[in-house]
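Colleague: Using this note's numbering, the first residue of the sequence shown is number 1, and each one after it goes up by one.
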Amino acid sequence: MKAEMRLLPRRLRIMFLAKSRNRRRIALFRPILPGANLRDRLIACCGALLGLAVVGVLCSLTLGFVTSAPVLVAPMGASAVLLFAVPASPLAQPWPIIGGNTLSALIGALVAGSIHDPMLAGATAVALAIAAMSLTRCLHPPGGAAALTAVLGGPAVAASGLGFAFLPVAVNSVLLVAAGWLFHRYSGHSYPHVPKVKPEPAHQTVHPPTPPRGGVTPDDVDEAIQELGEALDISREDLGALLARAELHAMKRLHGEVTCADVMSRDVPAVSADAPAGVARRLLDEHGRHALPVVDARNVVIGAIGHAQLVQDAARVVDLMAPAHIERPQTPAFRLLGPLVGSRTPEAMIVDDGGRLLGTVAQSDLLMVLARNALPARRDGDGP
């Protein structure tokens, strides 16, 4: 790169270096949180404004008569950043906010009464607060500020003693969480955050989707976190769901152009619901299939029957058939990898807009989806 730069005229080199420096400066102001955008930041600003204003007004009207401490403490500002800017963070959930702030302030008040040197007391209070929050699963960064405030807050805080942890810290925290819960009902974010363990199904089917057998499992996520050796500000469930979605997008990028219509078997035997069970068994054996579509008089798919259903004792197909896995011909075939490979569903029934049978996609048909991009294109002159 340096050798190439020397070949450029001096003026162009100066312009290039200036643009590089500007790009580095601009990069300093880019959001470091994945998923952050301007809309969410504006929402966070509005949420912090409304939330802290409500907490301040309510505490001024109620706590000013019962405590000498400030009615709104500084750690609530840091709690508001987490609550409104990153509501999905494990550190921003109700128990970390309420428990972390209250427990830390209580520890700070206890340490302040035991250690008279304020610098040593402050450091000890924060260290003990981190340990206590970690053990009680309510780690909350503003809790460190709450512990330090209990030590260095001045005569008014010292006069409150242990009561400072409850009035105003606990009351501030409860009201702030309530304001956040109410605000996020309309902000487009879920709060308290409930991780989406499984990605939303992208295909229409009567069965819930199952993850691909070769996909990322919770055990894989746990092992990766252990190997990383770092604490992440994201829940294990959210991380697993994120990896599953990334895997789905990768499959779409690699195989998204192959549809069910491209790989389905078109001339497939079907059986009517009123047919004897023996007819279904004979058709399965003759055609070497794992399942048959069950259709009505208009060739509309109403179910499926396979060897798993035929082990039961019944006379007619209608008494044995199971719900069919229905897909449309334009559905990308890779979306069937999870439902077909990772479950007992042997085949998907491909139907038109009226529900009439067009064909089926079996597990073996999906090999075409993977092989299409896995194998290099054959060149002229290559051997067989």
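Using N, Cα and C, we set each Cβ at its ideal position, and we do this for glycine too.
Distance check for Met264 and Tyr186, CA to CA, integer angstroms please.
Modeller: Computed Cα separation, rounded: 44 Å.
Colleague: I need the straight-line Cα distance from Asp262 to Ala250, nearest angstrom please.
Modeller: Approximately 20 Å, taken between the alpha carbons.
Colleague: Kindly list the residues whose CB is nearer than 7 Å to the CB of Cys138, restricted to its own chain and excluding five residues on each side of it in sequence; keep chain order.
Modeller: So the qualifying residues of the chain are Trp95, Pro96, Gly99, Gly100, Leu103.
Colleague: If you run the structure through DSSP and keep just helix, strand and coil, what is Pro211?
Modeller: Annotation note: pLDDT 44 at Pro211 (below 50); position unreliable, coordinate value reported separately. Looking at Pro211 - three-state DSSP - the assignment turns out to be coil, as it is neither helix nor strand.
Colleague: Thinking C-alpha only, which one of Ala178, Ser134, Leu120 is nearest Leu152?
Modeller: Out of Ala178, Ser134, Leu120, Leu120 has the C-alpha closest to the C-alpha of Leu152.
Colleague: For His255 and Gln363, I'd like the C-alpha separation in whole angstroms.
Modeller: Using only the alpha carbons, I get a separation of about 16 Å.
Colleague: Please list, in chain order, all residues of the same chain as Leu367 whose beta carbon is under 6 Å from its beta carbon, the five residues on each side excluded.
Modeller: Nothing meets the Cβ criterion.
Colleague: Among residues of its own chain, excluding the 5 on either side of Ala88, which ones have a beta-carbon nearer than 6 Å to its beta-carbon?
Modeller: Hits under 6 Å: His193.
Colleague: Tell me where the alpha helix (DSSP H) around Thr102 begins and ends.
Modeller: Its alpha helix (DSSP H) spans residues 94-114.
Colleague: Using beta-carbon positions only, say whether Ala74 and Ala44 come within less than 8 Å of one another.
Modeller: No; because the gap between Cβ atoms is not below 8 Å, this pair is not in contact.
Colleague: Report the rounded CA-to-CA distance for Phe166 versus Leu337, giving the unit in angstroms.
Modeller: Computed Cα separation, rounded: 54 Å.
Colleague: Does DSSP classify Gly163 as helix, strand or coil?
Modeller: In the structure shown, Gly163 sits in a helix (DSSP, three-state: H, G or I).
Colleague: Pull up the distance between the alpha-carbon of Ala304 and that of Arg328, whole angstroms please.
Modeller: Using only the alpha carbons, I get a separation of about 16 Å.
Colleague: Express the C-alpha separation of Ala127 and Ala231 in angstroms, rounding to a whole number.
Modeller: Distance between the alpha carbons of Ala231 and Ala127 is about 18 Å.
Colleague: Quick one: residues in its chain with C-beta nearer than 8 Å to the C-beta of Leu175, no 5 flanking neighbours on either side, listed in chain order?
Modeller: So the list reads Val54, Val55, Leu58, Cys59, once near-sequence residues are dropped.
Colleague: Would you tell me roughly how many angstroms separate the C-alpha atoms of Arg316 and Lys252, rounded to the nearest one?
Modeller: About 41 Å.
Colleague: Would a C-beta distance cut-off of 8 Å place Leu50 and Ala80 closer than the cut-off?
Modeller: In this structure, Ala80 does not lie closer than 8 Å to Leu50 by Cβ.
Colleague: Which stretch, first to last residue, makes up the alpha helix (DSSP H) that contains Pro75?
Modeller: It spans 75-85 - the alpha helix (DSSP H) in which Pro75 sits, taken as one unbroken run.
Colleague: Quick one: what's got a C-beta closer than 8 Å to Ala156's C-beta in the same chain, skipping five residues either side?
Modeller: So the qualifying residues of the chain are Ser68, Ala69, Pro70.
Colleague: Could you tell me whether any non-hydrogen atom of the ligand COA is closer than 7 Å to the CB of Leu167?
Modeller: The ligand content of the structure shown is nil, which means the ligand COA is not present either.
Colleague: Exposed or buried, Leu66, counting other C-beta atoms within 10 Å across all chains shown (16 or more means buried)?
Modeller: First, the amino acid is wrong: residue 66 is Val here, not Leu. The residue in question, Val66, is exposed, as its Cβ has fewer than 16 Cβ neighbours within 10 Å.
Colleague: Should Val301 and Leu357 be called a contact, given that it needs their Cβ atoms to be closer than 8 Å?
Modeller: Yes.
Colleague: From Leu83, Pro168, Asp220, Leu340, pick the residue whose C-alpha is nearest to that of Phe183; which is it?
Modeller: Considering only alpha carbons, the answer is Leu83.
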